[in-house]
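Inspection log for the structure reproduced underneath, given as structure tokens.
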Amino acid sequence: MLKKKKEYAIDHLKMIVGAMACPKCHSAFELLDNGLVCQNNHHFDLSKKGTIHFPLHHMESDYDHQMLEHRRNMIQKGLYQPIEKEIARIISNQGEIGLIVDMGAGEGSILERLIRNNDISGTKMGFDLSKDGMVLASDFSKEAFWFIGDVTNMPFKDESVDTLLNIFSPSHYEEMSRALKKEGLVIKVIPEEHYLKELRELFYYDEQAKQQYSNEKVYQKFLKDMQLIEEKRITYQFVVEKEDFQDVLMMSPMHWGASIQAKEHARGNYFQKLTIDVKILVGKKY
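One gets the numbering used here by counting positions in the sequence shown from 1 and adding 3 to each.
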């Protein structure tokens, strides 16, 4: 008989609960049949999907179910496979892997593929502010524990996490440094200037200024707040099948800022290759 998502979540929490702490009072958690309770009696219940909602006040993500499904379709087609391989290499070279946390995990596919396609040991957790994303990620409940979480207040004890993945996601370096072990790693992936340039050219064909892209401020912020151990730029072109073109158009927030005319223009201009251009940054805390 197949396990329910909630049962998989309990199995993961049995291994992980020792590293977790209440986001309200930062005291240790105890595992119950229906979730977690801290020493000050703050309860966080498991949903039917096997997820837990940790943010302490109402927060919303712009990433909705539809966009995340389009994104999942393309990730599962191998859109980021070279990036995944490089991340797997970095993690594997760490020695004892321990606890891996994907912060800003979206709908879970990148972490799931890292686990499924690479021999990576350790325990795994993924979280995102998007409830829709974590509902989708719960499809991978066998591979990792998933929760709705806030990057500025993660439910972990001080110096409890071995590896933080931060892939196309916001960072909060003070909180990351608090949760990271002394020799732990942050693996951050940021878009470079040519990332998804074909989409940028379509959606902003009538706004030339928006076709230019730079992540220099994000890069400099990482250099300021983390010890840079390694960096690598990865650039390649992904073949876009015609049947996948709608997924490609809708998988990123880029279309949100496009005019109605530009969206029509994009739908009628299929392209065969999509540029992926990223920088992988590996750092430790000071």
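By construction, the Cβ of each residue, glycine as well, lies at the ideal position given by its N, Cα and C atoms.
query                                                                                                  : result
Status (buried if at least 16 other CB within 10 Å, exposed otherwise) for C41                         : buried
Beta-carbon spacing of Q79, S112 below 8 Å                                                             : yes
Residue range of the beta strand (DSSP E) that includes Y239                                           : Q230 to V242
Reduced DSSP secondary structure (H/G/I, E/B, other) of V154                                           : coil
Within 8 Å, strictly: CB atoms of V20 and L34                                                          : yes
Coarse secondary structure for A182, derived from DSSP in three states                                 : helix
Complete alpha helix (DSSP H) runs within the segment 100-131 (minimum length 4 residues, chain order) : 112-120
E244 burial status per 10 Å Cβ neighbour count (16 or more: buried)                                    : exposed
Start-to-end residues for the beta strand (DSSP E) that takes in D142                                  : D142 -> no beta strand (DSSP E), and no H or E assigned at all.
Close beta carbons around C28, own chain, < 7 Å, minus the five adjacent residues each side            : C41, N43 and H45
7 Å CB neighbourhood of H175 in its chain, flanking five on each side removed                          : V154 and T155
Same chain, Cβ closer than 7 Å to V242, five either side skipped, listed in chain order                : Q275 and K276
Whole-number beta carbon distance between I55 and L71, since they are thought to touch under 8 Å       : Their Cβ separation, rounded to whole angstroms, is 19 Å, which puts L71 and I55 out of contact at 8 Å.
Rounded Cβ spacing between M18 and T126 (contact assumed at less than 8 Å)                             : 5 Å
Burial state of W259, where buried means 16 or more other Cβ atoms lie within 10 Å                     : exposed
In DSSP terms, what P194 is bridged to                                                                 : V281
Residue from S217, E201, A212 and N121 whose Cα sits closest to the Cα of E146                         : N121
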